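*Asks:* Here the protein sequences line up with chains A, B and C, keeping their order. Sequential numbering from 1 applies to the first sequence in UniProt numbering. Sequential numbering from 1 applies to the second sequence in UniProt numbering. Sequential numbering from 1 applies to the third sequence in UniProt numbering. The C-beta atom is built at its ideal place from N, Cα and C for all residues, glycine as well. Just so it is clear, the structure is predicted and the values come from calculations on it, not from any experiment. Handing you a structure now.
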Amino acid sequence: MAISIGLGVILALLPWGVGAIAETGSFPADLDSTIPQNIQVVLNTIWVIFASTLVFFMNAGFAMLETGFCRHKSAVNILAKNLIVFALSSLAFWIAGFAFMFGDGNSFIGLHGFFLSGPDNSPSIGDAYDGIYRSLDWAAIPLKVKFFFQLVFAGTAATIVSGAVAERIKFVAFTLFSLGLVGLAYGTIGHWIWGNGWLAQLGFWDFAGSTVVHSVGGWAAFIGALLLGPRRDKYPKGQIAAIPGHNLAISTLGCLILWLGWFGFNPGSTLSADPEAIAHIMVTTNMAASASGLSATLVSWIYFGKPDLTMIINGVLAGLVAVTASCAYVNISSAMLIGIISGILVVFSVVYLEQWQIDDPVGAISVHLVCGIWGTLAVGLFSVGPEIYTWYGEAGGPLVGLLFGGGYSQLLNQLLGVLAVGFTMIGFSLLLWLALNFTVGIRVSADEELAGLDLSEHSMEAYSGFYKEQD
Amino acid sequence: MAISIGLGVILALLPWGVGAIAETGSFPADLDSTIPQNIQVVLNTIWVIFASTLVFFMNAGFAMLETGFCRHKSAVNILAKNLIVFALSSLAFWIAGFAFMFGDGNSFIGLHGFFLSGPDNSPSIGDAYDGIYRSLDWAAIPLKVKFFFQLVFAGTAATIVSGAVAERIKFVAFTLFSLGLVGLAYGTIGHWIWGNGWLAQLGFWDFAGSTVVHSVGGWAAFIGALLLGPRRDKYPKGQIAAIPGHNLAISTLGCLILWLGWFGFNPGSTLSADPEAIAHIMVTTNMAASASGLSATLVSWIYFGKPDLTMIINGVLAGLVAVTASCAYVNISSAMLIGIISGILVVFSVVYLEQWQIDDPVGAISVHLVCGIWGTLAVGLFSVGPEIYTWYGEAGGPLVGLLFGGGYSQLLNQLLGVLAVGFTMIGFSLLLWLALNFTVGIRVSADEELAGLDLSEHSMEAYSGFYKEQD
Amino acid sequence: MAISIGLGVILALLPWGVGAIAETGSFPADLDSTIPQNIQVVLNTIWVIFASTLVFFMNAGFAMLETGFCRHKSAVNILAKNLIVFALSSLAFWIAGFAFMFGDGNSFIGLHGFFLSGPDNSPSIGDAYDGIYRSLDWAAIPLKVKFFFQLVFAGTAATIVSGAVAERIKFVAFTLFSLGLVGLAYGTIGHWIWGNGWLAQLGFWDFAGSTVVHSVGGWAAFIGALLLGPRRDKYPKGQIAAIPGHNLAISTLGCLILWLGWFGFNPGSTLSADPEAIAHIMVTTNMAASASGLSATLVSWIYFGKPDLTMIINGVLAGLVAVTASCAYVNISSAMLIGIISGILVVFSVVYLEQWQIDDPVGAISVHLVCGIWGTLAVGLFSVGPEIYTWYGEAGGPLVGLLFGGGYSQLLNQLLGVLAVGFTMIGFSLLLWLALNFTVGIRVSADEELAGLDLSEHSMEAYSGFYKEQD
């Protein structure tokens, strides 16, 4: 009840009408004079490089988040996975992922630009990819800036998997899966949506990757966790055992690093130093995260009787994932509502997955898959349509959302994308995980799991010199 | 004695006269041609967004600093407070704080711009707020950039309180206090100083917030610590017990994150991509932090017989807080002297507060309140006056300081601001803390405190699997 | 064997010819119109300040990396060293280091600009220093921006020493050595190479400091570790004892922070917001790090039987150090090969140094000295020559490298620089360490070492409340 009151108060406070109208840009018209392109390129480059470094830093965020949420006996393994995975992603995305995603080809896949090279020294992405500014040429930054920005995104998708399969996966299986995910699946699906492929052509919109990055990683994580089965201590005699994380200080640090990183992830996806767009997206991103953190706190407080730190953390992340698809297309009040709902979703998703015996040690599936889907659909509910924001109108974008009077069209487009990506990733993940299972194997032995992956996979421990429980 | 020598040597080395004169900008005159406003807006936006993200990251700095300085049995609680507080600040500042601070109104409070909206889609802050460029229009960045930059500052004020009240405050009391602090007090006092309110009109200057942010947070922390009383183990039988922090690795990390964040906090407060101003403020900020860290190290080495890591950490932070008010108005040598003094102040402040049985587990009162006051007064001592630096002359700023031949005028202005903010914050904090005490209560029970706030407030522990002392 | 296959596959994949040619800039010619200098100064300032803050953050990276790799009983000491060393560097570089490095003088040392001041308010570095744009005037950023950027580099050199001498050096000896290193040796050697001194005039090139920063720090670390001798527990009865780090979570965090910091270190060394140059250097830096991390992982997996997290970490760092000298002069495939080799070098260097009883607790000598030398020589092997990249041609740079058909000239230039800096740093380090040994002493007593430096040097422990092993 308290929560209904709390949410009711917040909802009542949201200045829906006013906000939707008043938040348009307010600069005087004389700002519209054109910036010379050589200057614009420098501005865009600085902006995108800055955003790229923030997104790169998310690797540290995921490493700390996931490691802290698991047991000390798996810490070295998770750290090693999260460190090497970006090196693997760099290799795979350079060799093939970027070409599949943005190279000239057909509406299903890119076929040029492998190794960041080709006949005309470019995967011709001036044609194939326009970011959210789909109607514009995105060539206003150097090719290698585009590559680096897209690479750090690809790395994010791979790192999402790490947490869900933690504490029982073989190190070698994870590394091979990551190569396949980044080099093949991520690039291909990305082509459909950001490479002007068939989903883009059908009117599916995902501004910064609720689907492209988070759902793709989330589906791979989900199938991996399903195939691996739960950790041996998770369901003793059919009961659910809590397996608390060993270091919530670094998990909280990880959450804050990820929150920081999202200020590159979402506003950086403009790929252009557009002040009004950047500013708007910073604020929608932040308010969704805040609202989601608060709603997850309230829900967990009601539901469990105490404000649960792991739920506050995952609540914040849920809001960030959820607003990623729509951050450029919705007003601040809608962003907060998207966040409030994601904060509720993530708590119940964690609870239900646990009851269904799908063991996800860090909550990655709930955060990235469930809220990635929610965020993708939210585009069809809350988009204000192309008449409100300057960047939206110029660049193209989703139709007016259902709740803003636009009917079901955009929502159905979004649903189509969710389903297409879902089926594809289920199929791909099943195939790759099973192939790995029949070759190198994906799960460590029961003895190795009992000893902990740090000893069995790395012959090391993370916290030498401390006395620790040994189960 | 060694310290007198050390300080003497440093002081003798400072190139007072030369520095004060020679540090003026040295660019050729042809740089003065005007940058077109549409380009300037992009430059300013990139700069302020960059600075904003650094300041946002200070949330992680405070979380690590404070958590490490406390006991392991309070870690979850401090982490949860420091994570949720930015979500709360976002909500409160969006609803009301920004409007109170920068909205049109009177010289006491802003009355428009709630929910970042209003009749003309702006709290009309082009008139009311000019940053330190008080004579200029600060409208050269989008409204939402201004909002986000000011929001991360507001969040900082709230997070300061967390450390001082740690290990005995109720979670719910802290969250409600934070809402009131950010939504009401911070915004109102900020209006007086940065919103062209009565203190600004009387000639009080605080460049980046030694008073607006640090003293405001510091007073709230001080009153909170006073009302809560010391932790139950702090003064056994009237003796002072040392209660060492449980993780100085993350505390040191926190200090370095905060140092990093201050490179957004101070230079970002230009709100404008002015190269000479940014460069100067980077250097004064860094040199004050360095000098303060060194002087606190030397003082603690002499006083305690060993270089105390917690004093090195708080020494660096003390210098950063102290130079915040004056970083744009003083030369490098003065910045170092401000830092040297803050490093001394913070050590003795920690010692005396402990003797007076005001229990501040992390030293927040000494760092933010004591050095915030010192830094605010230092403006009246060291300001070079409006004839030296380009940005200073154009933008307006404090009168020449006492030690630079300007008499007592500016120092008295600063003292007036310190007193006005002090009395106001003492009153506000007393009222709000006492109101909370009579409703939800502010202090956990003795049993809960003994068990640790992690168990009693969150039913969790931060370091599961490690063997720990249980007192 | 597996490794030969792995490396062979990677090598076979590298698109040598295509890459080398195709990676040239591809912007249309109309971008070449000149940006007005007042705008260029703002762009450069924002870029360099951004890069500076990333490099500053490397202090946190080193602190976490080194602390985690040592025992818990030395944690406070290492944290204290790594925090205070930047304050000391700031002082020393402001007083003298910057003047020695970039001030007018002769080809051996700068003689003006102490305290960042002088007759014409500048060390006249417009003439003396041109960054890699040696033929251009680097005066296109304010003096204090140059100072701050160079200061954070100087701090890096000092912090390298900290790890190699950890767990047995006196705190006071380390602080005094750091003052001398940054104030005297770093500035002088830097003058030879970046201050247009004799090595620069002879044609030695080091883009971002494989020699200037990493080898200089590495030599000081090497001599320090040699003179100090190994830790008392390292070689019991002539056997090699593993002394595992106490917190690999923070070490991994440190590695990722350093990786992030290098995106300022290398691309920032353009000192100019040149989009093509920045983009190229981002990518070469990242790909070298990735390749090196992967090769170190593979080598350690083969050699030790398990993928060793400490080797993954040091492998990444080895690649970053190695590509630092050449990142602007080589193509992506070469950068990867440089990284692959550094990843192999670092593993065997760690193994051999250990066998030779040179005790380097964190691997600093292997990472910074060995791979710093390798990277410096690699300029003479892989440089594409001044006809390929726009920034290279305009700014001057190394001759075509040996493997690209340029003969031995550049390689010999590089070798000369390696030897000159090596002999100088050996001499300087021996003198300073021995002088300190005869005055304050450099090594703690056996009892103090047994108790741990935290207790003996600081009377504190880092992890109060945890039960820990006490040897």
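1. Quick check on D308 (chain A) - is its C-beta less than 8 angstroms from some C-beta in chain B?
2. Mapping the DSSP letters down to three states, classify K170 (chain C) as helix, strand or coil.
3. What does the alpha-carbon distance come out to for the pair L111 (chain B) and F100 (chain B)?
4. Check F207 (chain B) in the structure and name its three-state DSSP category.
5. Could you spell out the range, first to last residue, of the alpha helix (DSSP H) harbouring H191 (chain B)?
6. Which residues does DSSP list as the beta-bridge partners of K468 (chain C)?
7. Taking 8 angstroms as the threshold (C-beta atoms), are I39 (chain B) and I340 (chain A) in contact?
8. Could you give the DSSP three-state label for G183 (chain A): helix, strand or coil?
9. So I338 (chain B) is in the alpha helix (DSSP H); what residue range does that whole segment cover?
10. When you compare the CB positions of A291 (chain A) and G268 (chain A), do they come within less than 8 angstroms of one another, or not?
11. Please classify P236 (chain A) as buried or exposed, where buried requires at least 16 other C-beta atoms within 10 Å of its C-beta.
12. Suppose the cutoff is 6 angstroms on Cβ atoms and the five residues either side in sequence are ignored; what does the same chain contact list for G203 (chain C) look like?
13. Which ranges does the beta strand (DSSP E) cover as unbroken runs of at least 3 residues, wholly within the segment 21-103 of chain B, from first to last along the chain?
14. Compare the Cα-Cα distances from F50 (chain B) to each of B:I278, B:E66 and B:V421 and report the closest residue.
15. Would you call D447 (chain A) buried or exposed, if buried means 16 or more other Cβ atoms sit within 10 Å of its Cβ?
16. When Cβ atoms are compared, which residues of the segment 230-264 of chain A fall closer than 9 angstroms to chain B?
17. So, using beta-carbon positions, are L353 (chain A) and I365 (chain A) closer together than 8 angstroms?
18. In whole angstroms, what separates the C-alpha of F438 (chain A) from that of F171 (chain A)?
19. Consider the C-beta atom of G385 (chain C) and the heavy atoms of the ligand FAD; say whether any pair is separated by less than 7 angstroms.
20. To which residues of the same chain is F115 (chain B) closer than 7 angstroms at the C-beta, ignoring the five residues directly before and after it?
21. If we count the other Cβ atoms within 10 Å of its Cβ and call it buried at 16 or more, is Y133 (chain B) buried or exposed?
22. Can you pull the chain A residues whose beta carbon is under 8 angstroms from the beta carbon of V316 (chain C), in chain order?
23. So, at 6 angstroms on beta carbons, what are the nonlocal neighbours of R443 (chain B) in its own chain, with the 5 sequence-adjacent residues on each side left out?
24. Between the segment 240-252 of chain C and the segment 211-220 of chain C, do three or more beta carbon pairs fall short of 8 angstroms?
25. Pick from B:G401, B:V76 and B:H368: whose alpha carbon is nearest that of D454 (chain B)?
26. Starting from I313 (chain A), find everything on chain B with Cβ-Cβ shorter than 8 angstroms and list it in chain order.
27. Tell me, please, whether the segment 54-69 of chain B touches the segment 252-263 of chain B by the rule of three or more beta-carbon pairs shorter than 8 angstroms.
28. So for G397 (chain C), helix, strand or coil by DSSP?
29. Closest to D274 (chain C) by C-alpha separation, out of A:A164, A:V418 and A:I141, would be which residue?
30. By the 7 angstroms beta-carbon criterion, what residues does the segment 53-80 of chain B contribute toward chain A?
31. Got a sec? Which residues, its chain only, sit under 6 angstroms from L199 (chain C) by beta carbon, not counting five neighbours each side?
32. What residue from A:R231, A:T53 and A:G103 has the CA that sits closest to P361 (chain A)'s CA?
33. Determine, using beta carbons only, whether W219 (chain A) and S89 (chain A) come nearer to each other than 8 angstroms.
34. With a cut-off of 8 angstroms, does the C-beta of E457 (chain B) fall near any C-beta of chain A?
35. On a CA-only basis, which of C:Q357, C:F108 and C:A462 is nearest T310 (chain B)? Give me that one, please.
36. Measure the alpha-carbon distance for G224 (chain B) versus V421 (chain C) and round it to whole angstroms.
*Replies:* Considering the structure as presented:
1. Here residue 308 (chain A) is taken as the residue at index 308 of the first sequence, counted from 1. The beta carbon of D308 (chain A) falls within 8 angstroms of a beta carbon belonging to chain B, placing the residue at that interface.
2. Locating residue 170 (chain C) in the third sequence gives position 170, counting from the first residue. Shown here, K170 (chain C) sits in coil according to DSSP, grouped into three states, outside any helix or strand.
3. Residue mapping note: residue 111 (chain B) aligns to position 111 of the second sequence, counting from 1. Residue mapping note: residue 100 (chain B) aligns to position 100 of the second sequence, counting from 1. Just so you know, the alpha carbons of L111 (chain B) and F100 (chain B) end up roughly 6 angstroms apart.
4. By 1-based counting over the second sequence, the position of residue 207 (chain B) is 207. Here F207 (chain B) sits in coil by DSSP.
5. What you label residue 191 (chain B) is simply residue 191 of the second sequence in a count that begins at 1. Where H191 (chain B) is concerned, the enclosing alpha helix (DSSP H) stretches over G187 to I193.
6. Here residue 468 (chain C) refers to the residue found at position 468 when the third sequence is read from its first residue. Under the DSSP definition of a beta bridge, K468 (chain C) partners with A:F466.
7. Numbered from 1 along the first sequence, position 340 holds the residue referred to as residue 340 (chain A). Numbered from 1 along the second sequence, position 39 holds the residue referred to as residue 39 (chain B). It is not a contact, given that the beta carbons lie outside the stated cut-off.
8. Taking the first residue of the first sequence as 1, we reach residue 183 (chain A) at position 183. Residue state, collapsed to three classes: helix.
9. As a first step, residue 338 (chain B) must be located in the second sequence, where it is residue number 338. That run of the alpha helix (DSSP H) goes I332 to Q355.
10. Position 291 of the first sequence holds residue 291 (chain A). Position 268 of the first sequence holds residue 268 (chain A). Going by beta carbons, A291 (chain A) and G268 (chain A) fall outside the 8 angstroms limit.
11. Position 236 of the first sequence, counted from the start, is the residue given in the question as residue 236 (chain A). Result: exposed.
12. For the purposes of this step, residue 203 (chain C) is taken as the residue at position 203 of the third sequence. Excluding five sequence positions before and after G203 (chain C), the CB atoms of its chain that fall closer than 6 angstroms to its own CB belong to N413, given in chain order.
13. Taking only runs of at least 3 residues, no beta strand (DSSP E) segment lies wholly in the segment 21-103 of chain B.
14. For the purposes of this step, residue 50 (chain B) is taken as the residue at position 50 of the second sequence. Selected option, being the one with the closest Cα: B:I278.
15. Within the first sequence, the letter at position 447 stands for residue 447 (chain A). Exposed, since its Cβ has fewer than 16 Cβ neighbours within 10 Å.
16. From the segment 230-264 of chain A, only I243, P244, G245, H246, N247, L248, A249, I250, S251, T252, L253, C255, L256, I257, W259, L260, F263 and G264 have a Cβ closer than 9 angstroms to chain B.
17. Walking along the first sequence from the start, residue 353 (chain A) turns up at place 353. Walking along the first sequence from the start, residue 365 (chain A) turns up at place 365. A contact, by the Cβ cut-off of 8 angstroms.
18. Within the first sequence, residue 438 (chain A) is the residue found at index 438, counting from 1. Within the first sequence, residue 171 (chain A) is the residue found at index 171, counting from 1. F438 (chain A) and F171 (chain A): Cα-Cα distance of roughly 15 angstroms.
19. What this structure holds is no ligand at all, so the ligand FAD is not there to describe.
20. For the purposes of this step, residue 115 (chain B) is taken as residue 115 along the second sequence, with counting starting at 1. Taken in chain order, the residues that qualify are W94 and I95.
21. As a position in the second sequence, residue 133 (chain B) is number 133, starting the count at 1. Model confidence at Y133 (chain B) stands at a pLDDT of 35, short of 50, so the residue's coordinates are unreliable and nothing is read from them.
22. Position 316 of the third sequence, counted from the start, is the residue given in the question as residue 316 (chain C). Neighbours of V316 (chain C) on chain A, chain order: L83 and A87.
23. Here residue 443 (chain B) refers to the residue found at position 443 of the second sequence. The answer, listed in chain order, is R168 and L228.
24. At 8 angstroms Cβ cutoff, the stretches do not touch.
25. Translated into positions along the second sequence, residue 454 (chain B) becomes position 454. The option with the nearest alpha carbon to D454 (chain B) is B:V76.
26. Sequence index remark: in the first sequence, residue 313 (chain A) carries index 313 (1-based). In chain order: L83.
27. Flag = yes, the segment 54-69 of chain B and the segment 252-263 of chain B touch.
28. Here residue 397 (chain C) refers to the residue found at position 397 when the third sequence is read from its first residue. Of the three classes helix, strand and coil, the one that applies to G397 (chain C) here is coil, per DSSP.
29. Here residue 274 (chain C) refers to the residue found at position 274 of the third sequence. By alpha-carbon distance to D274 (chain C), the top candidate from A:A164, A:V418 and A:I141 is A:I141.
30. Answer in chain order: T53, F56, F57, N59, A60, A63, M64, T67, A75, V76, L79 and A80.
31. Within the third sequence, numbered from 1, the residue matching residue 199 (chain C) stands at position 199. Excluding sequence neighbours, L199 (chain C) sits near W192, I193 and G417.
32. Walking along the first sequence from the start, residue 361 (chain A) turns up at place 361. Ranking the options by Cα distance to P361 (chain A), first place goes to A:R231.
33. One-based indexing of the first sequence puts residue 219 (chain A) at position 219. One-based indexing of the first sequence puts residue 89 (chain A) at position 89. Contact flag unset, no.
34. In the second sequence, residue 457 (chain B) corresponds to position 457, counting from 1. Yes, contact with chain A.
35. By 1-based counting over the second sequence, the position of residue 310 (chain B) is 310. Per the Cα distances, C:A462.
36. Counting from 1 along the second sequence, the entry for residue 224 (chain B) is found at position 224. Counting from 1 along the third sequence, the entry for residue 421 (chain C) is found at position 421. If you draw a straight line from the Cα of G224 (chain B) to the Cα of V421 (chain C), it is about 57 angstroms long.
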